[in-house]
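For the record, the sequence lines run as chains F and V. Going by our numbering, the first sequence wraps up at 392, each residue one higher than the last. Going by our numbering, the second sequence wraps up at 470, each residue one higher than the last. For reference, the structure discussed in these notes is given below.
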Amino acid sequence: MSIDKSKISPSQFVFTIVCFIESSAVLSSFFVGISGRDSWFVMIIGYLVYLPLLFIIAQLMKRFPEKTIIEINDEVFGKVFGKVVSVFYIWFFVTLTSLNLLDTQVFASSSIVQKTPPIVLLATFALICVWAVRNGISVLTRYMVIIGVLSLMISVLAFFFAIKRFDFANLLPPFQQKPMIYVESAHVVSTIPFGETIVFLMLTPNVKSSPKKFGKYLLIGTLIGAASMFVITVRDIGVLGETIKFFTVPSLETQRVSGLSRTFSRLELLYSIIFIALMYSKIVVLLYASVSAISQVLKLKSYKHISILITVLCIIYTLNLYDSGISHAISGMTVVPFFWSFLEYILPILTLVVVMFRKLGKKEGGANDDDIRNSGKRNNLAVRPSVGNQI
Amino acid sequence: MSAVKLVLKVFFLVSFVLMTLLLGGCWDNIELNSISIVSGIGVDAVPDNPRKLHVTLQSANVKAFSTSAGGGGGGDELPFILNEQQSISITDAITAIDRRTSRALFTHHNQVVIFGKDYCKNGVQSAIDTFMREDEMRVETSLVVADGTARDMLSIKVEPEKLASQWIPRMQETISFNIGKIDVSVLDFSSSILKPSAAAVLPIIKVVSTPFEENQLEKAVKETENKQQTTESQSEEGQKQEEGGEGQQETKKDEAGGGKKEEKKGGGEAETKDLCLTGLAVFKEPYLVGELDIEQIRGYRWLKGDVNATGLELNVGEGAANINISNARFKKKVRLDENNKLIVDFTVEADAAIQESFGIDDSEPKQYVEVITKAVNEKIKSEIESCVTKAKELKADIFGILNALYEKQPTKYKAIKENKDEVFASFEMNTDIKITVQDTGKLRKSVVEKWWNDEH
Numbered sequence: 002m003s004i005d006k007s008k009i010s011p012s013q014f015v016f017t018i019v020c021f022i023e024s025s026a027v028l029s030s031f032f033v034g035i036s037g038r039d040s041w042f043v044m045i046i047g048y049l050v051y052l053p054l055l056f057i058i059a060q061l062m063k064r065f066p067e068k069t070i071i072e073i074n075d076e077v078f079g080k081v082f083g084k085v086v087s088v089f090y091i092w093f094f095v096t097l098t099s100l101n102l103l104d105t106q107v108f109a110s111s112s113i114v115q116k117t118p119p120i121v122l123l124a125t126f127a128l129i130c131v132w133a134v135r136n137g138i139s140v141l142t143r144y145m146v147i148i149g150v151l152s153l154m155i156s157v158l159a160f161f162f163a164i165k166r167f168d169f170a171n172l173l174p175p176f177q178q179k180p181m182i183y184v185e186s187a188h189v190v191s192t193i194p195f196g197e198t199i200v201f202l203m204l205t206p207n208v209k210s211s212p213k214k215f216g217k218y219l220l221i222g223t224l225i226g227a228a229s230m231f232v233i234t235v236r237d238i239g240v241l242g243e244t245i246k247f248f249t250v251p252s253l254e255t256q257r258v259s260g261l262s263r264t265f266s267r268l269e270l271l272y273s274i275i276f277i278a279l280m281y282s283k284i285v286v287l288l289y290a291s292v293s294a295i296s297q298v299l300k301l302k303s304y305k306h307i308s309i310l311i312t313v314l315c316i317i318y319t320l321n322l323y324d325s326g327i328s329h330a331i332s333g334m335t336v337v338p339f340f341w342s343f344l345e346y347i348l349p350i351l352t353l354v355v356v357m358f359r360k361l362g363k364k365e366g367g368a369n370d371d372d373i374r375n376s377g378k379r380n381n382l383a384v385r386p387s388v389g390n391q392i
Numbered sequence: 015m016s017a018v019k020l021v022l023k024v025f026f027l028v029s030f031v032l033m034t035l036l037l038g039g040c041w042d043n044i045e046l047n048s049i050s051i052v053s054g055i056g057v058d059a060v061p062d063n064p065r066k067l068h069v070t071l072q073s074a075n076v077k078a079f080s081t082s083a084g085g086g087g088g089g090d091e092l093p094f095i096l097n098e099q100q101s102i103s104i105t106d107a108i109t110a111i112d113r114r115t116s117r118a119l120f121t122h123h124n125q126v127v128i129f130g131k132d133y134c135k136n137g138v139q140s141a142i143d144t145f146m147r148e149d150e151m152r153v154e155t156s157l158v159v160a161d162g163t164a165r166d167m168l169s170i171k172v173e174p175e176k177l178a179s180q181w182i183p184r185m186q187e188t189i190s191f192n193i194g195k196i197d198v199s200v201l202d203f204s205s206s207i208l209k210p211s212a213a214a215v216l217p218i219i220k221v222v223s224t225p226f227e228e229n230q231l232e233k234a235v236k237e238t239e240n241k242q243q244t245t246e247s248q249s250e251e252g253q254k255q256e257e258g259g260e261g262q263q264e265t266k267k268d269e270a271g272g273g274k275k276e277e278k279k280g281g282g283e284a285e286t287k288d289l290c291l292t293g294l295a296v297f298k299e300p301y302l303v304g305e306l307d308i309e310q311i312r313g314y315r316w317l318k319g320d321v322n323a324t325g326l327e328l329n330v331g332e333g334a335a336n337i338n339i340s341n342a343r344f345k346k347k348v349r350l351d352e353n354n355k356l357i358v359d360f361t362v363e364a365d366a367a368i369q370e371s372f373g374i375d376d377s378e379p380k381q382y383v384e385v386i387t388k389a390v391n392e393k394i395k396s397e398i399e400s401c402v403t404k405a406k407e408l409k410a411d412i413f414g415i416l417n418a419l420y421e422k423q424p425t426k427y428k429a430i431k432e433n434k435d436e437v438f439a440s441f442e443m444n445t446d447i448k449i450t451v452q453d454t455g456k457l458r459k460s461v462v463e464k465w466w467n468d469e470h
């Protein structure tokens, strides 16, 4: 049972997933830098590789609709080993939060405010995020629909702005690279944007929905996110051509060269707006997962008190994660996907195998369960309109 | 909600609003009066020192514009400020210039990068890297080659834009109908040389020495007058020689006088001059290997397939016509035969409208249209052939034929990859031009044909 008792609607849940995936789409250099013009194909393969994980996440959500991944670990692996596994997840969530804070800061430092010290950028951005997190999941996901729809609209609009410079020949010829390139790049795609959705196992008890529909929501959310990512990737390849492999932020360069006329050009402002909004949407979810997971492991009644402390630790962690942007980029393409694979794929598979072996959790969420979840009348799971005061 | 919580919320809200207003750009604030906005960057080779570049930065002189706008006669003020530095790289040169200027150089709004021809011969790779990599530079900035030095081009006044760096982008926009799209950005150039063809073109612009105030017509009239005077004086001389001859000195004085006048108007660093597009510079990888003239430019554009509408001047016998080509459609099929010979089947279909016609027999409309159609076909074909011959000679696939082969038949491209230059230099082209004359303008027949026929 989540220590945040507020509830979110299925549409908020879906758009939180959409924003989560889209935020990775705007930072496509991790896989585009490897697979170049075939990145659109790699993206599809990466998503197909991710689908079994989606099924596992959906199964865990369905079997444990009232539990977060931390509580599932306790039940599946026992109190002691479950805590060990949970510590891995906590490290994963905290590291992901810090990495995304770093991405935001690096983007702002290199493209918008070059002279502003990184600590100022990190602190101000983290302050907004922790403010949202302290108000609970209901408040922090309230704007996801707006951000998600806005970013989809901007992605489509940006495609039209880029049409003048779009050259379909830049996508040709397909499949001319070594097979290992596709394997490596698809691995990055399946772990960095898609695999990270494992974090939504921290939100399960907060979703006001029938357990049977979790899989559907996950599928819709990731499909919309993947479609948006596909459009962005194809647009970037078509506009930048052979040079796409060389840019650190390809989407930003695409927006820079796009425009309808000499007057209506230089549209990187649109990219900057949507980048900051999407990174906010991802970081708040990760930060929320981090602080609520730590609170659950430490058996705290509220995560509110430790949220600022964890955020400060995340900032310090961010400042010490990598010595340079180059190290970050190289690690994102090489080391990180392997670490993440263990946490995103191996552990959930192991969890589900043990669950099935020990016949834990509910096999099917019945109609009665749906009513109970929707009304929130079990285990003190009261749905209350205002969240901030109940944490 | 308790009063304390309400006060706290209001406090946080006010703090955030104040932070947004007051802290925005604490470190990155840029005041307009503290920067010098660079509008053009010139890069030239330094003679006898291939490691160094001569970098010229042109910034608009706001003072000159404001005085002239206010009617305060800013005639003495130059409309631009030039900063120059010789250095091993562009950023190094900018840093050096920054040390001796009161305003920080701001390159984000740079309009054009001009390469001196000599610099291009050694390869433009160092400059391309700077413009692609440096955060403040923009990859959509136009690139051009100066027929001469970039420094000379940036140091003249041009009308009506005043600055060469503003004249060039505007000319590239307006000339697109006449010649086709010639604007090449840093990104386009980089993308082109990374493709299998590895060739690119950049427009060549020349500083024309003819002073602005003295137009071609005046010059022609003067030349005719001078010739007449010379002929008259020669005949007089002949007479005077017979009579004892003194006129020789007078003629020499006249000629010397004319020469001085030219020299005076042509001299001076910021004299108003004209700029003119004279051709396209052909690059193989980042190295300049040759040039295309104006006629070959159009051939290049036909083959690239990005001319939708353009004008054509035709000479038909003694007469001439001007044709407006529109709705152009292109088909380009590239294939390799069994002997690995590259074959290009190129088809152009377009509509034509007659804008001007004289001296061509139009008494029989059907025959007249046939004559015009044939002339248009021949003209387009000759433009294409001229350009293809030049490209073959330079072994530079500026048309992207090898790119097309690689895109459609990558396996066959791999077979010729090692000797692609030779394959390109011997490629065969089958051109099929289908022009349909749709419109003869407001007239069905020329109203002046009678007098033309009388004259000829």
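Built from N, CA and C at the ideal position, the CB exists for glycine as well. As the structure is a prediction and not an experimental result, all values here were calculated from the model.
Item                                                                                                                        : Value
Candidates V:Arg312, V:Asn240 and V:Ser371: closest to Ser190 of chain V by CA position                                     : V:Arg312
Option nearest Ile170 of chain V by Cα separation, candidates V:Gln99, V:Leu416, V:Pro183 and V:Phe94                       : V:Phe94
Straight-line gap, Gln180 of chain V to Leu270 of chain F (C-alpha atoms, nearest Å)                                        : 24 Å
Ser116 of chain V versus Ile55 of chain V - alpha carbon distance                                                           : 19 Å
Identified DSSP bridge partners for Asp326 of chain V                                                                       : Residue identity differs from the one stated: residue 326 of chain V is Leu in this sequence, not Asp. In the DSSP output, where bridge partners are listed per residue, Leu326 of chain V has V:Ile337.
Asn336 of chain V and Gln381 of chain V closer than 8 Å at C-beta                                                           : no
is_contact[Trp41 of chain V, chain F] using C-beta, thresh 8 Å                                                              : yes
Ile275 of chain F beta carbon less than 8 Å from that of Val27 of chain F                                                   : yes
Nearest-angstrom Cα separation, counted from Ser308 of chain F out to Val31 of chain V                                      : 23 Å
Gly293 of chain V in three-state terms, based on DSSP                                                                       : strand
Backbone CA spacing between Ala107 of chain V and Phe145 of chain V [nearest angstrom]                                      : 14 Å
As assigned by DSSP and simplified to three states, the class of Gly196 of chain F                                          : helix
Backbone secondary structure at Asp75 of chain F - three-state DSSP                                                         : helix
Nearest candidate by alpha-carbon position, reference Trp341 of chain F, set F:Phe93, F:Ile148, F:Leu49 and F:Pro212        : F:Phe93
Interface residues of the region 111-126 of chain F facing chain V [CB-CB below 9 Å]                                        : Ser111, Ser112, Ile113, Val114, Gln115, Lys116, Thr117, Pro118, Val121 and Thr125
Those residues which DSSP pairs with Leu351 of chain F across a bridge                                                      : Paired residue(s): none; Leu351 of chain F is not in a bridge.
is_contact[Asp359 of chain V, chain F] using C-beta, thresh 8 Å                                                             : no
Proximity test, Cβ basis, 8 Å: Tyr314 of chain V and chain B                                                                : Absent from the structure: chain B. Protein chains present are F and V.
Short CB-CB distance (under 8 Å) between Lys406 of chain V and chain F                                                      : no
Opposing strand residues paired with Val9 of chain F [DSSP bridges]                                                         : Note on identity: in this sequence residue 9 of chain F is Ile, with Val being the wrong assignment. Answer by DSSP bridge pairing, in chain order: F:Val208.
Residues sharing a beta bridge with Lys220 of chain V, DSSP                                                                 : V:Cys290
C-alpha gap between Ala227 of chain F and Ala367 of chain V, whole angstroms                                                : 49 Å
Cutoff 8 Å: Arg152 of chain V Cβ touching any chain F Cβ                                                                    : yes
From V:Trp316, V:Ala212 and V:Asp288, residue whose alpha carbon lies closest to that of Lys195 of chain V                  : V:Trp316
Ser252 of chain F, DSSP secondary structure in three states                                                                 : helix
Alpha carbon of Val235 of chain F to alpha carbon of Glu254 of chain F, nearest angstrom                                    : 14 Å
Rounded distance between the beta-carbons of Val258 of chain F and Arg166 of chain F, thought under 8 Å                     : 6 Å
Stretch-stretch touch, CB-based, cutoff 8 Å, three pairs: the region 412-421 of chain V with the region 326-333 of chain V  : no
Presumed contact (8 Å Cβ cut-off) between Ala110 of chain V and Ser103 of chain V, rounded CB distance                      : The pair is not a contact, with the Cβ atoms about 10 Å apart (cut-off 8 Å).
Straight-line gap, Ser100 of chain F to Glu432 of chain V (C-alpha atoms, nearest Å)                                        : It should be noted that the sequence gives Leu, not Ser, for residue 100 of chain F. Going by the C-alpha atoms only, they are around 44 Å apart.
Contact set between Gln177 of chain F and chain V, taken where Cβ atoms lie within less than 8 Å                            : Pro424
Within chain F, the residues that Glu421 of chain V reaches when beta carbons sit closer than 7 Å                           : Ala170, Leu173 and Pro174
Whole-number beta carbon distance between Val77 of chain F and Thr352 of chain F, since they are thought to touch under 8 Å : 5 Å
The region 239-263 of chain F: positions lying closer than 8 Å to chain V by Cβ                                             : Leu241, Gly242, Glu243, Thr244, Phe247, Glu254, Arg257, Val258 and Arg263
Contacting residues, own chain, Cβ-Cβ under 6 Å from Lys459 of chain V (five flanking each side not counted)                : Asp376
Segment contact flag, the region 275-295 of chain F with the region 100-112 of chain F, C-beta cutoff 8 Å, min 3 pairs      : yes
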